[in-house]
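Once you know that position 46 of the sequence shown is 340 in my numbering, the rest is easy, because the numbers rise by one and skip nothing.
Working notes, structure below.
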Amino acid sequence: MRQPFEYAVIRLVPRIERGEQINVGVLLYCQQRDFLAARTHLDADRVRALAPDVDLPAVAAVLASWDRTCAGDGPATRMRLGERFHWLAAPRSTMIQTGPVHTGLTADPAAELERLMAALVR
């Protein structure tokens, strides 16, 4: 049976003032399946083409922290899955941010996350 889910594209905005962005991941939450996960993919060549001076190891470390937050590590330990999703998807003016939240229906949130990664990031 298909269940509703929410997702947001994770993007790298190397220079906030320019507004240019590269999709680097997807954040997906399905309440009925108790599923929250982020998948990321940092294409170094694409990033360097847009902003050669970006500190790629620092960006990779921040993206890795999204996985840990989804898993409930650190301050997220006390947050429910939905709270974690909405905290991560909240608008921000940092180099790593999400686009708008979208919805859909899925029978398999993990497979849907991989499908979205292939369609929107890789």
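Ideal Cβ positions, reconstructed from N, Cα and C, are used throughout, including at glycine.
Alpha-carbon to alpha-carbon, residue j and residue i
i, j, result
"G313", "Q325", "32 Å"
"P394", "A383", "8 Å"
"D402", "A412", "16 Å"
"R378", "A370", "7 Å"
"P351", "R362", "17 Å"
"V320", "D347", "24 Å"
"A343", "Q315", "11 Å"
"A404", "G366", "17 Å"
"A332", "V307", "18 Å"
Residue environment, residue i, which counts as buried when at least 16 other CB atoms sit within 10 Å
i, result
"E311", "exposed"
"G368", "exposed"
"W381", "exposed"
"A358", "exposed"
"L399", "exposed"
"T388", "exposed"
"T397", "exposed"
Limits of the beta strand (DSSP E) - the one that residue i falls within
i, result
"H396", "396-400"
"V303", "297-306"
"L330", "329-334"
Boundaries (first-last residue) of the alpha helix (DSSP H) holding residue i
i, result
"T392", "Taken as a continuous stretch (DSSP letters only), T392 belongs to no alpha helix (DSSP H), being part of the beta strand (DSSP E) at 390-392."
"G319", "Element bounds for G319: not the alpha helix (DSSP H) but the beta strand (DSSP E), 316-324."
"T371", "Run containing T371: none; DSSP gives neither H nor E here."
"V348", "Here V348 belongs to no alpha helix (DSSP H), and DSSP marks it neither H nor E."
Contact belief for residue i with residue j at Cβ below 8 Å, rounded distance in angstroms
i, j, result
"A336", "A354", "In the sequence as displayed, the identity of residue 336 is Leu instead of Ala. That belief holds up - the Cβ atoms of L336 and A354 are roughly 6 Å apart, short of 8 Å."
Heavy atom of the ligand ZN within 6 Å of residue i beta-carbon
i, result
"P346", "As far as ligands go, the structure on display features none, and thus does not contain the ligand ZN."
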